[in-house]
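*Asks:* Dropping a structure here in structure tokens format, bear with me for questions.
Residue numbers (full-length UniProt numbering): 1 to 161.
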């Protein structure tokens with residue numbers, strides 16, 4: 001089952017200048033819990049935005065740069081190669097950025113979306129979802145609090161058959 005995992009604002013903003021525009025510790029914990037032990041597929045800019053590779057996950061990085069090398073990840077040059085590598089895992093995750101989400105959306109079975117309640121200026125956006133194609137199977141709201149400057153909701157969608 002191929003899953004997208006993302007945090008996007010109400011205007012689908014993902015980030016700006018290769019960074020997130022909010023800090024949600026509980027969302028980071030959920031991301032870690034869901035993706036640990038799995039293949040995570042991402043674009044090069046997303047990968048390079050990490051201070052270091054994420055522990056206990058196999059990083060698959062998609063780049064157009066033919067000479068790109070990094071000993072901490074598997075480098076591929078298109079989504080098909082990434083999916084072929086990740087096929088060893090029964091639950092790989094697409095983790096961004098905006099272009100990779102858009103490319104993978106037609107092939108994805110499930111979406112774990114954290115909807116950040118606010119609108120933000122961004123240079124990377126989550127693709128618009130056609131909710132006719134998706135069934136909402138879980139929803140969990142979190143209020144703004146002393147650790148979270150914004151309220152947010154976890155949404156889990158399954159592709160309708």
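All residues carry an ideal CB built from backbone N, CA and C; glycine is no exception.
Between residue 70 and residue 142, how many whole angstroms is the CB-CB distance? I'm expecting something under 8 Å.
*Replies:* Residue 70 sits at position 70 when you count from the first residue of the chain shown. Residue 142 sits at position 142 when you count from the first residue of the chain shown. Not really, about 34 Å apart at Cβ, beyond 8 Å.
*Asks:* Taking the beta strand (DSSP E) that residue 110 belongs to, which residues open and close that run?
*Replies:* Position 110 of the chain shown, counted from the first residue, corresponds to residue 110. Run containing residue 110: 110–116, per the beta strand (DSSP E) assignment.
*Asks:* Name, in chain order, the residues that DSSP records as bridge partners for residue 142.
*Replies:* Translated into positions along the chain shown, residue 142 becomes position 142. Note: residue 142 sits in a beta bridge opposite 152.
*Asks:* In whole angstroms, give me the CA-to-CA distance for residue 134 and residue 2.
*Replies:* As a working note, residue 134 is residue 134 in the chain shown. As a working note, residue 2 is residue 2 in the chain shown. So the two alpha carbons sit approximately 14 Å from each other.
*Asks:* In this structure, how does DSSP classify residue 54 when only helix, strand and coil are distinguished?
*Replies:* Sequence index remark: in the chain shown, residue 54 carries index 54 (1-based). Here residue 54 sits in coil by DSSP.
*Asks:* Residue range of the beta strand (DSSP E) that residue 6 falls in?
*Replies:* By one-based count along the chain shown, residue 6 stands at place 6. Looking at the DSSP string, the run of the beta strand (DSSP E) that includes residue 6 is 3–9.
*Asks:* Going by C-alpha to C-alpha distance, which of 52, 124, 40 and 126 sits closest to residue 61?
*Replies:* As a working mapping, residue 61 is identified with position 61 in the chain shown. For residue 61, the nearest C-alpha among the options comes from 40.
*Asks:* Taking only the alpha-carbon atoms, compute the straight-line gap between residue 22 and residue 28 and give it to the nearest angstrom.
*Replies:* One-based indexing of the chain shown puts residue 22 at position 22. One-based indexing of the chain shown puts residue 28 at position 28. Each residue's Cα considered, the two are about 11 Å apart.
*Asks:* List the residues that DSSP assigns as beta-bridge partners of residue 158.
*Replies:* In the chain shown, the residue the question calls residue 158 occupies position 158. BP columns for residue 158 point to 110 and 135.
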